[in-house]
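> Numbering of the sequence shown is given in this note's numbering, commencing with residue 792 and proceeding in unit increments.
C-beta atoms are modelled at their ideal positions from N, C-alpha and C, and glycine is treated no differently.
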Amino acid sequence: MSLAVVRSSLTTSLARYGRSMGLWILLLVAPVGARFMIAARGADASLIAVDNRVPWLTSPVLGVTLGVVIATLLLPVAFIYLRSNVTRRQPWQVEEVSPAGRVAIAYGRWLADVAVLAAVLAATTAAGCLLAVLLLPLNEVDPASIILTLWVIAAPPVAMVASLRLLFDARRWTRGPMGEVLFFVFWMGSLVLVMAGGQAGGYAANMTDLPGFMSPISYGQGGTDSFIIGGAEIPPGSLPIGLDVMSGIMADGYLAARVSWLGIAALVPLLAGLIYAPHAAGKTRKTAAWLKILEPGRARPADPSAKPARSGMLPGVALVVAEARLMAGNRRSLLAMTLVAAAGLFAPYSTVAGPAAMLLLVFTATAHAGRSEQKGLLALTTTAALSPAARRIAFVLAGTALALVMAAPSATRELIAGETQILLEAAAVGAATSVTAITLGALTRSATAPRLVLLIAWYFYLNWGGAPAG
792 MSLAVVRSSL TTSLARYGRS MGLWILLLVA PVGARFMIAA RGADASLIAV DNRVPWLTSP
852 VLGVTLGVVI ATLLLPVAFI YLRSNVTRRQ PWQVEEVSPA GRVAIAYGRW LADVAVLAAV
912 LAATTAAGCL LAVLLLPLNE VDPASIILTL WVIAAPPVAM VASLRLLFDA RRWTRGPMGE
972 VLFFVFWMGS LVLVMAGGQA GGYAANMTDL PGFMSPISYG QGGTDSFIIG GAEIPPGSLP
1032 IGLDVMSGIM ADGYLAARVS WLGIAALVPL LAGLIYAPHA AGKTRKTAAW LKILEPGRAR
1092 PADPSAKPAR SGMLPGVALV VAEARLMAGN RRSLLAMTLV AAAGLFAPYS TVAGPAAMLL
1152 LVFTATAHAG RSEQKGLLAL TTTAALSPAA RRIAFVLAGT ALALVMAAPS ATRELIAGET
1212 QILLEAAAVG AATSVTAITL GALTRSATAP RLVLLIAWYF YLNWGGAPAG
């Protein structure tokens, strides 16, 4: 591995990050968001609650709170940023024919990603120290404790996010939607694994805790596992709870496990470089015979004397229909939608057909949103008779209509019984999914951010409907 290639890849990636407005927004959001993560003494709500009580605010508790929130709730934000920022488009046409090794290039990019995320942690740390000065007596302000607790907890998962971004960019089939799906599975799996492992001590148990929150919280209160991360309403009159989080940080095997996770994250770029698959198309695979039925037939020859289509008389309706066709994509997507709709005849909508319909809509809507919001295509669509705002409204209407179509069999069965809950649920889910897809697609010019956000929302919808979460 050439150090010159690593250095060149690092400096090039950092230069591209420096030209990105998103980096400066991210660095600004981190300290501003830190204020809303911390519950002052006497608060009646907190992002972290132990035994339905607010932790008594100290410098170590402040650092642990910031670290835990970053290591759990904000990891998808970091992945979205790395996946959809200016570096998502790489000059692979030049790199893949150059003599530079893929491992060296991967390590340069990984170091750049880690440096950017470390800058976010540094900004959050500075904000935490400032909050300690504002919220605590000056004799209780301990910047060293804030730095230690925040970085020990948050640094390993943040480094792992940078590693996963490279790993998923190394293979063709994970460069698209499958990469976001796999990250979602990894993120949720890391949270489920630590909760399933309980509060057992030792190196092996701490290796199951990639987010790093179990030991500081459970050891700080005698081994309790009754805590909430993400926000909790505190019962009136509840007294704050004191946490000795430093005992959890210094517990047997905890620091060794955090260093081990950093080592694993540092080895992933090596794997990514070794398994890297070029973008150039390989040999054309022979299509299975039964898939011929899904191929489009020959286009009808143009007839200049034909009358305009009826839909042309209603441009708004034609636009919605066009958006629905583009969103549905191809015959395979239509076949999948048909199967989901048919499932509604036999399976409950809220637990089976509804989540399946939303999952399908997530992929179709975000893919179309990512395509339609590219700068080059926007420059073309602005010359059309209908404005971009009208097209986005049509996008939402088309997504809602597709959700209603997939829910039609279930809704028909329910309407016979005199109820309309499924129709309302399908319309709400379709509209919310479409609005999120087109809004985030327009803001990020990518399908990554809306797809990952909607996958998280789909997981909550799946559990809200009563289906098992896996």
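Classify Tyr1252: buried if its beta carbon has 16 or more other beta carbons within 10 angstroms, exposed otherwise.
To locate residue 1252, count along the sequence shown from 1; it is residue 461. Counting Cβ neighbours within 10 Å, Tyr1252 comes out buried, since at least 16 surround it.
> Quick check: what's the CA-CA separation for Ala1148 versus Thr1235?
For the purposes of this step, residue 1148 is taken as the residue at position 357 of the sequence shown. For the purposes of this step, residue 1235 is taken as the residue at position 444 of the sequence shown. Roughly 25 Å separates the two Cα atoms.
> Secondary structure at Ile1008, three-state DSSP: helix, strand or coil?
In the sequence shown, the residue the question calls residue 1008 occupies position 217. Ile1008: helix per DSSP, three-state reduction.
> Could you check the C-alpha separation between Val1131 and Leu1125 for me, to the nearest Å?
Your numbering for residue 1131 matches position 340 in the sequence shown. Your numbering for residue 1125 matches position 334 in the sequence shown. Answer to the nearest angstrom: the Cα atoms are 10 Å apart.
> Just the C-alpha distance for Pro1060 and Leu1195, rounded to the nearest angstrom, thanks.
What you label residue 1060 is simply residue 269 of the sequence shown in a count that begins at 1. What you label residue 1195 is simply residue 404 of the sequence shown in a count that begins at 1. Taking the straight line joining both Cα atoms gives about 44 Å.
> Using the C-alpha atoms, what's the distance from Ala903 back to Val1112?
Residue mapping note: residue 1112 aligns to position 321 of the sequence shown, counting from 1. Residue mapping note: residue 903 aligns to position 112 of the sequence shown, counting from 1. Roughly 44 Å between the two C-alpha positions.
> Any chance the region 936-956 sits against the region 848-859, with 3 or more Cβ pairs inside 8 Å?
yes
> Which value, in whole angstroms, describes the spacing of the CA atoms of Ala846 and Pro1031?
What you label residue 846 is simply residue 55 of the sequence shown in a count that begins at 1. What you label residue 1031 is simply residue 240 of the sequence shown in a count that begins at 1. Note that residue 846 corresponds to Pro in the displayed sequence, not to Ala. Straight-line Cα distance between these residues: approximately 6 Å.
> Using a beta-carbon distance below 8 Å, is Asp1035 in contact with chain D?
Annotation note: the requested chain D is absent from the structure, which comprises a single protein chain.
> For Ala913, which of Leu925, Pro934, Glu1164, Ala1217 has the nearest alpha-carbon?
For the purposes of this step, residue 913 is taken as the residue at position 122 of the sequence shown. The candidate whose alpha carbon is nearest that of Ala913 is Pro934.
> Going by DSSP in three states, Gly1020 sits in which element: helix, strand or coil?
Here residue 1020 refers to the residue found at position 229 when the sequence shown is read from its first residue. According to the sequence displayed, residue 1020 carries Ile and not Gly. It is a strand residue.
> Taking C-alpha atoms, which residue in Ser981, Ala996, Gly813 lies nearest to Pro1002?
Indexing the sequence shown from 1 puts residue 1002 at position 211. If we check each option's Cα against that of Pro1002, Ser981 comes out closest.
> Evaluate contact between the region 1188-1207 and the region 1216-1225, counting only Cβ atoms and requiring at least three cross-stretch pairs below 8 Å.
Yes: at least three Cβ pairs fall under 8 Å.
> Given a cut-off of 8 Å on the beta-carbon distance, is the pair Leu957 and Ala1063 in contact?
Your numbering for residue 957 matches position 166 in the sequence shown. Your numbering for residue 1063 matches position 272 in the sequence shown. Against a cut-off of 8 Å, the Cβ pair of Ala1063 and Leu957 comes out as a contact.
> Buried or exposed: Gly1261, going by 16 or more other Cβ atoms within 10 Å of its Cβ?
Indexing the sequence shown from 1 puts residue 1261 at position 470. Its pLDDT being 33, under 50, Gly1261 is placed unreliably by the model, and nothing is read from it.
> Helix or strand or just coil, what does DSSP make of Pro846?
As a first step, residue 846 must be located in the sequence shown, where it is residue number 55. If DSSP states are grouped into helix, strand and coil, Pro846 belongs with the strands.
> Within its chain, find whatever has a CB closer than 7 Å to the CB of Leu818; leave out the 5 residues flanking it on each side and keep chain order.
What you label residue 818 is simply residue 27 of the sequence shown in a count that begins at 1. For Leu818, where only same-chain residues beyond five positions count, the Cβ hits under 7 Å are Ala910, Val911, Ala914.
> Give me the Cα-Cα distance between Leu794 and Val1108, rounded to the nearest whole angstrom.
As a working note, residue 794 is residue 3 in the sequence shown. As a working note, residue 1108 is residue 317 in the sequence shown. Taking the straight line from one Cα to the other gives about 59 Å.
> Residue range of the alpha helix (DSSP H) that Glu1164 falls in?
Locating residue 1164 in the sequence shown gives position 373, where the first residue counts as 1. Careful: Glu1164 lies outside any alpha helix (DSSP H) and carries neither H nor E.
> Assuming Thr1157 contacts Arg1242 (C-beta within less than 8 Å), just tell me the rounded distance between them.
Numbered from its first residue, the sequence shown carries residue 1157 at position 366. Numbered from its first residue, the sequence shown carries residue 1242 at position 451. Indeed they touch by this definition, with Cβ atoms about 4 Å apart.
> Using a Cβ distance threshold of 8 Å, determine whether the region 1223-1230 contacts the region 951-971, with at least three qualifying pairs required.
Output reads no: the region 951-971 does not touch the region 1223-1230.
> Since I believe Ser875 is in contact with Ala1134 (beta carbons under 8 Å), could you give me their beta-carbon distance rounded to a whole number of angstroms?
The count along the sequence shown starts at 1 and reaches residue 1134 at position 343. The count along the sequence shown starts at 1 and reaches residue 875 at position 84. That belief does not hold up - the Cβ atoms of Ala1134 and Ser875 are roughly 32 Å apart, past 8 Å.
> Can you confirm whether the region 1164-1183 touches the region 1139-1146 when touching is taken to mean that 3 or more C-beta pairs between the two stretches lie within less than 8 Å?
no
> Quick one: is Ala897 buried, meaning 16 or more other Cβ sit within 10 Å of its Cβ, or exposed?
Counting from 1 along the sequence shown, the entry for residue 897 is found at position 106. Flag for Ala897 reads buried.
> For Arg1183, count neighbouring C-beta atoms within 10 Å of its own C-beta (all shown protein chains included) and say buried if the count is 16 or more, exposed if not.
Counted from its first residue, the sequence shown places residue 1183 at position 392. It is buried - the Cβ of Arg1183 has at least 16 other Cβ atoms within 10 Å.
> Rounded to the nearest angstrom, what separates Ile1213 and Pro1106 at their Cα positions?
Within the sequence shown, the letter at position 422 stands for residue 1213. Within the sequence shown, the letter at position 315 stands for residue 1106. Taking the straight line joining both Cα atoms gives about 30 Å.
> Check Val932 in the structure and name its three-state DSSP category.
The sequence position of residue 932 within the sequence shown is 141, counting from 1. It is coil, neither helix nor strand.
> For the alpha helix (DSSP H) containing Arg832, list its first residue and its last residue.
Residue 832 sits at position 41 when you count from the first residue of the sequence shown. Counting along the chain, Arg832 falls outside any alpha helix (DSSP H), and DSSP gives it neither H nor E.
> Have a look at Leu908, Ala918, Val907, Tyr808 and flag the residue whose alpha-carbon is nearest the alpha-carbon of Met828.
Residue 828 sits at position 37 when you count from the first residue of the sequence shown. Among Leu908, Ala918, Val907, Tyr808, the Cα nearest to that of Met828 is on Ala918.
> What's the call for Leu1206, buried or exposed, on a 16-neighbour Cβ count within 10 Å?
As a first step, residue 1206 is located in the sequence shown; it is residue number 415 there, counting from the start. The residue is exposed, with fewer than 16 neighbouring Cβ atoms inside 10 Å.
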